[in-house]
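Report on the structure given below.
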Amino acid sequence: MTIAYLPGTPDDVPPYEPWAGEPEILAEAAAADRRAAAWIRSLPAPSAPRPVGTWIAGELPGAVEAAMGSLDPAQCDRMGPDGRLIEGNAGVDAVTTSTLAIVPCVLSDADWLTPDQHLRLLAVASMVTGIARLLADDPGTAILHGLVARMCATLDHATRPDAPGLAPEIEHTL
223 MTIAYLPGTP
233 DDVPPYEPWA
243 GEPEILAEAA
253 AADRRAAAWI
263 RSLPAPSAPR
273 PVGTWIAGEL
283 PGAVEAAMGS
293 LDPAQCDRMG
303 PDGRLIEGNA
313 GVDAVTTSTL
323 AIVPCVLSDA
333 DWLTPDQHLR
343 LLAVASMVTG
353 IARLLADDPG
363 TAILHGLVAR
373 MCATLDHATR
383 PDAPGLAPEI
393 EHTL
């Protein structure tokens, strides 16, 4: 991380005020996360119990829900009391971020899933992580210019049911 010293004092920073449309964007993100988590839970299980199968069915959708449910644009990059830049996390804790970051590493053990499902899981982890990073880096642009909404649309596309009847438990949510 680069440390940048900014002019002024912490008292010069005005209190956080929500951006126009922020509640709607966060509600849209929460809805997209519920659909994504439901899709992940609907994936087939391995023929024999495996740790990675349990992780994909439990921890991964939990991390998606935790990340998207805790989004907070007020937790953006800011100046600390000592004048140093504090990297924001958009409300997503380090454990959740770490869980999403290991998705590419565990997919090689998920050989019962199709390559398409692997790619879609990668897209989910990338979009969720990207939305949080975008809100932490520049919440105004992310919200006002529809960047979060577009990323949620990509998340929805990645977690769509493959075909009618394939994932009946999530068809009603789409």
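Mind the numbering: the sequence shown is residues 223 to 396 in my numbering, read in order. A virtual CB, placed ideally from N, CA and C, is assigned to each residue, including glycine.
Determine the direct distance from the alpha carbon of residue 355 to that of residue 259, and round the result to whole angstroms. 19 Å
Under the three-state DSSP convention, the category residue 282 falls into: helix
For residue 308, which residues from the same chain have a beta carbon less than 6 Å from its beta carbon, with the 5 sequence-adjacent residues on both sides left out? 300 and 302
Considering only the alpha carbon of each residue, which of 252, 331 and 297 lies closest to residue 237? 297
Kindly indicate which residue of 363, 311, 240 and 326 has the alpha-carbon position closest to the one of residue 344. 326
Decide if the region 260 to 280 is in contact with the region 308 to 318; the criterion is three or more beta carbon pairs, one per stretch, under 8 Å apart. no
Using 8 Å as the Cβ pair cut-off and three pairs as the minimum, do the region 314 to 325 and the region 369 to 380 touch? no
Where the alpha helix (DSSP H) through residue 261 begins and ends: 244 to 264
Name, in chain order, the residues that DSSP records as bridge partners for residue 308. 300
Whether residue 274 touches residue 350 by CB criterion (8 Å): no
By the 10 Å Cβ neighbour count, where 16 or more other Cβ atoms means buried, how is residue 306 classified, buried or exposed? exposed
Where does the unbroken alpha helix (DSSP H) through residue 324 begin, and where does it stop? Taken as a continuous stretch (DSSP letters only), residue 324 belongs to no alpha helix (DSSP H), as it is neither H nor E.
Supposed close pair residue 293, residue 335 - CB separation, criterion 8 Å: Actually they are not in contact, since the Cβ atoms of residue 293 and residue 335 sit about 27 Å apart, beyond 8 Å.
Closest Cα partner of residue 288 within the set 263, 255, 269 and 264: 255
What residues in its chain sit with their C-beta under 7 Å from that of residue 378, if we drop five residues either side in the sequence? 254 and 257
Helix or strand or just coil, what does DSSP make of residue 369? helix
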